[in-house]
Amino acid sequence: MSLLRGWRAKSERSNEALARNASSGPRKSDIDVPSKSKAVVDTLLSTLEIVADAVPIPAVKLVVQTAIRVIEMCQEVRTSLEEVDELRERIRSLSVVVVQAWSGKPAEDITDSLRRDIEQLQSDFVYIENKLKDISKQNTVRMFLFKTANEETVQKCLRKLDWSLSKFELSHQVQTATNMNTVLRIFNPEFRQESTARKPRPPSRSHIFYGRDELLNRLATRLVPASVGETGSKALLALLGPGGIGKTSAALAVMKHNVVQERYGGESNQFWVGCAKATSATLLLDILYDSLCIKKRTGQTLEDILAELESPSGKPDRQSYRLLLLDNFETPWNADEEQVERILRDLADIPRLSILITMRANQPPTDQEWEVEVLKPVDAEASAKIYTKIYPNTSEEQLCELLDAIGHLPLAITLLANYARTSQTTPVELLRDWQRDGPDILSMSDDDEDNVMHKSIKLSLDKPPMKKSTHAMKLLTLLALFPTSVSRVDLEKHWVPEGINQSKALHVLSKTALVELTESTAFVIPVIRSYILRHTPDRDFADTRLRIHRVCCSLIVDHGSSPGDPTYLADKQFLSSQEVHLQSILLDATSESSADVGLEILQALLTLSWHQCYTRPRFDLVKHTLSVSKRMKNAKYEAESLVCYAEMCRVLNQFDSAIKRVSLAHDLFIAMDDRVSAARCSIKLIEYNLFNTTSLEEHLSLAEQVRTECSADDPFGQALCDLWIGETYNKHSMPLEARAKLEQAKVKFEELGRRVELERCLDALACSYYSSYHLHPKLVPDSLTIALHLANQALELSIQCGRGEYQNHNLYNLTRILKESALYDEALERALEFLKLAKSLGDTAGVGDALREVGDILLRTGDYVGAQNALQKALVASEGMPASGFKDMEICDCRILLGRVETKLNFTTVESMDRATQ
Numbered sequence: 002m003s004l005l006r007g008w009r010a011k012s013e014r015s016n017e018a019l020a021r022n023a024s025s026g027p028r029k030s031d032i033d034v035p036s037k038s039k040a041v042v043d044t045l046l047s048t049l050e051i052v053a054d055a056v057p058i059p060a061v062k063l064v065v066q067t068a069i070r071v072i073e074m075c076q077e078v079r080t081s082l083e084e085v086d087e088l089r090e091r092i093r094s095l096s097v098v099v100v101q102a103w104s105g106k107p108a109e110d111i112t113d114s115l116r117r118d119i120e121q122l123q124s125d126f127v128y129i130e131n132k133l134k135d136i137s138k139q140n141t142v143r144m145f146l147f148k149t150a151n152e153e154t155v156q157k158c159l160r161k162l163d164w165s166l167s168k169f170e171l172s173h174q175v176q177t178a179t180n181m182n183t184v185l186r187i188f189n190p191e192f193r194q195e196s197t198a199r200k201p202r203p204p205s206r207s208h209i210f211y212g213r214d215e216l217l218n219r220l221a222t223r224l225v226p227a228s229v230g231e232t233g234s235k236a237l238l239a240l241l242g243p244g245g246i247g248k249t250s251a252a253l254a255v256m257k258h259n260v261v262q263e264r265y266g267g268e269s270n271q272f273w274v275g276c277a278k279a280t281s282a283t284l285l286l287d288i289l290y291d292s293l294c295i296k297k298r299t300g301q302t303l304e305d306i307l308a309e310l311e312s313p314s315g316k317p318d319r320q321s322y323r324l325l326l327l328d329n330f331e332t333p334w335n336a337d338e339e340q341v342e343r344i345l346r347d348l349a350d351i352p353r354l355s356i357l358i359t360m361r362a363n364q365p366p367t368d369q370e371w372e373v374e375v376l377k378p379v380d381a382e383a384s385a386k387i388y389t390k391i392y393p394n395t396s397e398e399q400l401c402e403l404l405d406a407i408g409h410l411p412l413a414i415t416l417l418a419n420y421a422r423t424s425q426t427t428p429v430e431l432l433r434d435w436q437r438d439g440p441d442i443l444s445m446s447d448d449d450e451d452n453v454m455h456k457s458i459k460l461s462l463d464k465p466p467m468k469k470s471t472h473a474m475k476l477l478t479l480l481a482l483f484p485t486s487v488s489r490v491d492l493e494k495h496w497v498p499e500g501i502n503q504s505k506a507l508h509v510l511s512k513t514a515l516v517e518l519t520e521s522t523a524f525v526i527p528v529i530r531s532y533i534l535r536h537t538p539d540r541d542f543a544d545t546r547l548r549i550h551r552v553c554c555s556l557i558v559d560h561g562s563s564p565g566d567p568t569y570l571a572d573k574q575f576l577s578s579q580e581v582h583l584q585s586i587l588l589d590a591t592s593e594s595s596a597d598v599g600l601e602i603l604q605a606l607l608t609l610s611w612h613q614c615y616t617r618p619r620f621d622l623v624k625h626t627l628s629v630s631k632r633m634k635n636a637k638y639e640a641e642s643l644v645c646y647a648e649m650c651r652v653l654n655q656f657d658s659a660i661k662r663v664s665l666a667h668d669l670f671i672a673m674d675d676r677v678s679a680a681r682c683s684i685k686l687i688e689y690n691l692f693n694t695t696s697l698e699e700h701l702s703l704a705e706q707v708r709t710e711c712s713a714d715d716p717f718g719q720a721l722c723d724l725w726i727g728e729t730y731n732k733h734s735m736p737l738e739a740r741a742k743l744e745q746a747k748v749k750f751e752e753l754g755r756r757v758e759l760e761r762c763l764d765a766l767a768c769s770y771y772s773s774y775h776l777h778p779k780l781v782p783d784s785l786t787i788a789l790h791l792a793n794q795a796l797e798l799s800i801q802c803g804r805g806e807y808q809n810h811n812l813y814n815l816t817r818i819l820k821e822s823a824l825y826d827e828a829l830e831r832a833l834e835f836l837k838l839a840k841s842l843g844d845t846a847g848v849g850d851a852l853r854e855v856g857d858i859l860l861r862t863g864d865y866v867g868a869q870n871a872l873q874k875a876l877v878a879s880e881g882m883p884a885s886g887f888k889d890m891e892i893c894d895c896r897i898l899l900g901r902v903e904t905k906l907n908f909t910t911v912e913s914m915d916r917a918t919q
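Under the numbering used here, the first residue of the sequence shown carries the number 2, and numbering increases by one thereafter.
This is how it looks when you write it as structure tokens:
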């Protein structure tokens, strides 16, 4: 097992010293005079050399002696070879580990295998020492000329060390794992976590938390095991129990435990994922995607999550330890066991990713090797503390009997104490109410595990404030349909029917602790929500559910405008803010195979699918929409779902899939005798085929065939044909021919008021003038000026229309035009703006294009190293695209530019050599 899982400094002071050195950056004083922190650590090594004499392996002392020499040599060459810093710190930490591991051990405990491992490590240290000696002997010129070779030598030393360590087993390595993670994060940027600014904040830890100290220590030990087995680099811990037992509170508390903080490095490596709203596998993936701050976007959400969580460079032992809390996991598990199990297994296969789940269950969700902790109620003393903390003025009479009766469940205690405080009810009165139903309901057996919680909730439901309110129960039933908190403004504006006094009803629900209220939101906690959904009689629930479905559909349709429409920007913002609720309600209305799905729900599903296509494309909802349309045998919505699906594929650069699905849609429209819609599909085929390596003749033949499908009295269809024929000429480097068609289309779009298509046309015209600059400069002398004007017009229009994808392309065109105009500062500014937008949209192709443009601009301005760095990143982005001819062209263009940069770099190197030898 690799020692990279077990490095540790001798003391916390050592690591703090290392951190201060790393954060301050290299200074001349660091080279000439050792810093205080460096002196502390190097003095530590000298001390360890003495301590090593007590270890019954002579090679241990040799390891430390060699380490000191190597560290000194690293210090000598670091002025010209900063990469040795990682090597230096790794060797320093390993030396400490070696001495710690064997100090004080009796000779009989040292196996021959361990002796050989130590001797191999010493041999590797000597090898590294010799290599660094060779480097240190180089003069300044040779050091410059052989910088790359020297860097490769250091990397080879690191690899050699890693290979030796992979066989090196230390009994001490688990205890030392956390400090090694600290060293890795300090000295190797590859292991630094990105900003957690977008991470959802976990629920606030309750300030009323008694009787769980022993539990927390036990959980912390399980999350940070004392020995390392096959899966020792991670833990799978299931925190189970009935509703209201305090699983979430315990999970949040253990994540703050000192032992857990030490292993997982604080908030940057700890992720809370609230699963209460994940009422399907699809919603679970979306929640994981957002909670883990995933940026990769291919339309396959699970693959995107796994790709970003995998270890860097395929080296799991170089990854930081991370902890993922999946809270209220029973919601997705009960919704779709098969799909959720696959997601959970894939996550559990990621090295060094520990998973902690909370579930209302007695068994973990899969047959994996889970550490299981079934929570028990708190003890009598802790129960009384919780109750009296909430209601300090309560009577003590029969309080213990009441707490015994309700099973000492934390949530039940909280509900009753809050109710008693707001209604001034005594424990005697509360106990009398419970005794009406008999003590057998408090059984904690498997069959009745939820009964205590249900009776606690029912007690609140049956109390006078709820009985006296005609609206509270109706509002509670309505709120239970929402998987997460709802804006109180939105409730009043959209969801609560007329005749219900929302303010009074919320006041009652808050008094009985059935709803959590903030100044702006209302939320039914998952346990109570589950009770309401499962135990409200259908005759009382049916009308509410049907009304919510109708309101949902109405809201989606009312905000279902398309890019370019006057209200689109506001509608997009509204749908994005309500998307989780709207999707959850639509899935509730359509997931049952026996559900009778009406046209209004089909339209809402399709509209929300288009919204996702325009914002962040992912396939789950549109696939569901297509499936429901087929199930209802509605050919119209099946065809329209296929068109939306195809457009998503096109946005995600999956052009073959786009062509396949839009062709199916075309055939369905033909079968329905909807010639206009079929013609629109054919026009889409022209667009999608532009990204394939098809000849000009084939492209034009398809375009002319499509034109015949469009009716002569369909000016919009004819204009679209002109647009894509013009784009076809652009693709085949025929700008003059392109311009003729595009000018015709532009006039028609202006007359029709089609702003999105006009923006596309302006963008294509800018491309044609840009091409003319290269191909026909004398025919159009001011082609770049015209192209720049058109590109700016297109960008302004795309911003107004709200289609980020088109804005991306406008910025790409502007960057190229400014670059050719030698306006490099402006070009670089636009390129960086392009890069930022592409990243925010998850547009892999856009990221590659933006980085390639940055590289080209830096190449033209003489920053060859910066250009090389940008182009290498561009190549990585392009290689991550789905297979297509378009991808091949992107990679080819990038490699051509990289070749030019490398030529420049080599030429610069030769020039430097010549000057140095003169």
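Yeah, the Cβ is synthetic: ideal placement off N, Cα and C, and Gly gets one too. Computed from a prediction, not measured in an experiment: that's the story for all the values here.
How many angstroms separate the CA atom of residue i from the CA atom of residue j?
i: residue 552; j: residue 583; result: 10 Å
i: residue 794; j: residue 675; result: 35 Å
i: residue 773; j: residue 738; result: 11 Å
i: residue 710; j: residue 342; result: 48 Å
i: residue 646; j: residue 788; result: 33 Å
i: residue 359; j: residue 699; result: 58 Å
i: residue 511; j: residue 881; result: 51 Å
i: residue 361; j: residue 330; result: 8 Å
i: residue 19; j: residue 264; result: Summary for residue 19: the model assigns pLDDT 33, below 50, so the residue's position carries little reliability; its value from the coordinates is reported in the next sentence. Approximately 18 Å between the Cα atoms of the pair.
i: residue 322; j: residue 589; result: 38 Å
i: residue 463; j: residue 592; result: 33 Å
i: residue 900; j: residue 770; result: 28 Å
i: residue 731; j: residue 767; result: 10 Å
Under the three-state reduction of DSSP, which class applies to residue i: helix, strand or coil?
i: residue 361; result: strand
i: residue 369; result: coil
i: residue 727; result: helix
i: residue 827; result: helix
i: residue 956; result: An answer regarding residue 956 cannot be provided, because it is not within the stretch 2 to 919 covered by the chain.
i: residue 530; result: helix
Give me whichever residues DSSP pairs with residue i in a beta bridge.
i: residue 400; result: Residue 400 pairs with nothing; no bridge assigned.
i: residue 356; result: 237, 325
i: residue 273; result: 326
i: residue 375; result: 241
i: residue 487; result: 523
i: residue 517; result: 524
With residue i and residue j assumed to form a contact (beta carbons below 8 Å), what rounded beta-carbon distance in angstroms separates them?
i: residue 848; j: residue 878; result: 5 Å
i: residue 96; j: residue 127; result: That belief does not hold up - the Cβ atoms of residue 96 and residue 127 are roughly 14 Å apart, past 8 Å.
i: residue 494; j: residue 472; result: Between residue 472 and residue 494 the Cβ distance is about 17 Å, and since that is not below 8 Å, they are no contact.
i: residue 224; j: residue 371; result: Actually they do not touch by this definition, with Cβ atoms about 12 Å apart.
i: residue 73; j: residue 137; result: Actually they are not in contact, since the Cβ atoms of residue 73 and residue 137 sit about 10 Å apart, beyond 8 Å.
i: residue 347; j: residue 303; result: 7 Å
i: residue 835; j: residue 812; result: 4 Å
Can you tell me where the beta strand (DSSP E) holding residue i begins and where it ends?
i: residue 522; result: 522 to 524
Taking the alpha helix (DSSP H) that residue i falls in, what are its first and last residues?
i: residue 290; result: 282 to 292
i: residue 508; result: 503 to 512
i: residue 782; result: Premise fails: residue 782 is in no alpha helix (DSSP H) and is neither H nor E.
i: residue 757; result: 756 to 776
i: residue 1; result: No answer is possible for residue 1: the residues shown for the chain start at 2 and end at 919.
i: residue 334; result: 331 to 336
i: residue 474; result: 473 to 480
Do we get a CB-CB distance below 8 Å when we pair residue i with the residues of chain B?
i: residue 751; result: In the displayed structure, chain B is absent; only one protein chain is listed.
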